[in-house]
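Chains as they are written, first to last, in our numbering: chain F, 226 to 338; chain R, 1095 to 1210. Where is the CB? At the ideal position from N, CA and C, for every residue including glycine. Remember, it's a predicted structure, so these values are computed and weren't measured experimentally. Report on the following structure.
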């Protein structure tokens, strides 16, 4: 089974700071996903990556397939970015959950005004 | 346009009782997913359907769990009999294209299940 590690587990920062959340995995994957879970519990799918980089507004996600590592960056962070960010990898050939999905435990981000 | 609708939002039941969770996906979406989230295990994909057909149920924890999708606008996740360790938040999600996470997924608000 793919082991997915996220760091940091908890992060508190000031509004405007540049934020980086990391995700590492142990086995080769076909895709990696970043999810955002709001304090009320709702989950939003942010990115799906298989290579390179994607950008959406102030969010940037990168992946390095050789190093088995992905990062999620938030520029000009804002209190509304406060949420749990979850990394999920898809590796159907290595077990894990349905459709070969394994989830990280999440990074709890708090942006203070 | 309404998003994914789940009911009930909260369910408290006693061990041994049958529990049925319901989900209405976004109209026009072809894939539906059931997830479970706990503090200990985090988020897990239990099962997903493409065009109402179950594709992968390898995440379903035990035979006590079953899921159905009788039509494109309705799905159920049933636990019988329920146990305290089933306490969790259960999310339903849908997407336009087939396959787990091959497309943007839209999540419902979740059902918080407590089994006493």
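Residue i - DSSP class collapsed to helix/strand/coil
{"i": "residue 338 (chain F)", "result": "coil"}
{"i": "residue 1155 (chain R)", "result": "coil"}
{"i": "residue 1116 (chain R)", "result": "strand"}
{"i": "residue 1178 (chain R)", "result": "helix"}
{"i": "residue 283 (chain F)", "result": "coil"}
{"i": "residue 1135 (chain R)", "result": "coil"}
{"i": "residue 1148 (chain R)", "result": "strand"}
{"i": "residue 1203 (chain R)", "result": "coil"}
{"i": "residue 1191 (chain R)", "result": "coil"}
{"i": "residue 1164 (chain R)", "result": "strand"}
Beta-carbon neighbours of residue i, restricted to chain R and to distances below 8 Å
{"i": "residue 330 (chain F)", "result": "1136"}
{"i": "residue 285 (chain F)", "result": "Near residue 285 (chain F) there are no residues of chain R at all, since even the closest Cβ is about 17 Å away, more than 8 Å."}
Neighbour list for residue i in chain F, Cβ cutoff strictly below 7 Å
{"i": "residue 1065 (chain R)", "result": "No information on residue 1065 (chain R) is available, as it lies outside the stretch 1095 to 1210 that chain R covers here."}
{"i": "residue 1185 (chain R)", "result": "268"}
{"i": "residue 1198 (chain R)", "result": "270"}
Contact set between residue i and chain F, taken where Cβ atoms lie within less than 8 Å
{"i": "residue 1201 (chain R)", "result": "267, 268, 269, 270"}
CB contact flag (residue i, residue j, <8 Å)
{"i": "residue 1100 (chain R)", "j": "residue 1175 (chain R)", "result": "no"}
{"i": "residue 1139 (chain R)", "j": "residue 1153 (chain R)", "result": "yes"}
{"i": "residue 1200 (chain R)", "j": "residue 1188 (chain R)", "result": "yes"}
{"i": "residue 1129 (chain R)", "j": "residue 1168 (chain R)", "result": "no"}
{"i": "residue 282 (chain F)", "j": "residue 311 (chain F)", "result": "no"}
{"i": "residue 1082 (chain R)", "j": "residue 1142 (chain R)", "result": "Absent from the structure is residue 1082 (chain R), since the part of chain R shown begins at 1095 and ends at 1210."}
{"i": "residue 272 (chain F)", "j": "residue 256 (chain F)", "result": "no"}
{"i": "residue 1098 (chain R)", "j": "residue 1118 (chain R)", "result": "yes"}
Contact list for residue i against chain C, beta-carbon separation under 8 Å
{"i": "residue 311 (chain F)", "result": "No chain C appears in the structure shown, which is made up of the protein chains F and R."}
Nonlocal neighbours in the same chain, by C-beta distance under 7 Å from residue i, ignoring five residues either side
{"i": "residue 270 (chain F)", "result": "258, 260"}
Nonlocal neighbours in the same chain, by C-beta distance under 6 Å from residue i, ignoring five residues either side
{"i": "residue 1206 (chain R)", "result": "1104, 1183"}
Contacts of residue i in chain F (Cβ-Cβ under 9 Å)
{"i": "residue 1170 (chain R)", "result": "Under the 9 Å cutoff, chain F gives no residues; its nearest Cβ is about 17 Å from residue 1170 (chain R)."}
Practice task
Mind the definition here: the stretch 257-274 of chain F touches the stretch 233-243 of chain F only if three or more C-beta pairs lie below 8 Å; say whether that holds.
Solution key: no
Exercise for the section: Check whether the stretch 323-338 of chain F touches the stretch 303-314 of chain F, counting contact only when three or more Cβ pairs, one atom from each stretch, lie closer than 8 Å. Expected result: The stretch 323-338 of chain F is in contact with the stretch 303-314 of chain F.
Practice task
For the stretch 295-303 of chain F and the stretch 246-260 of chain F, state whether three or more C-beta atom pairs, one from each stretch, are separated by less than 8 Å.
Solution key: yes
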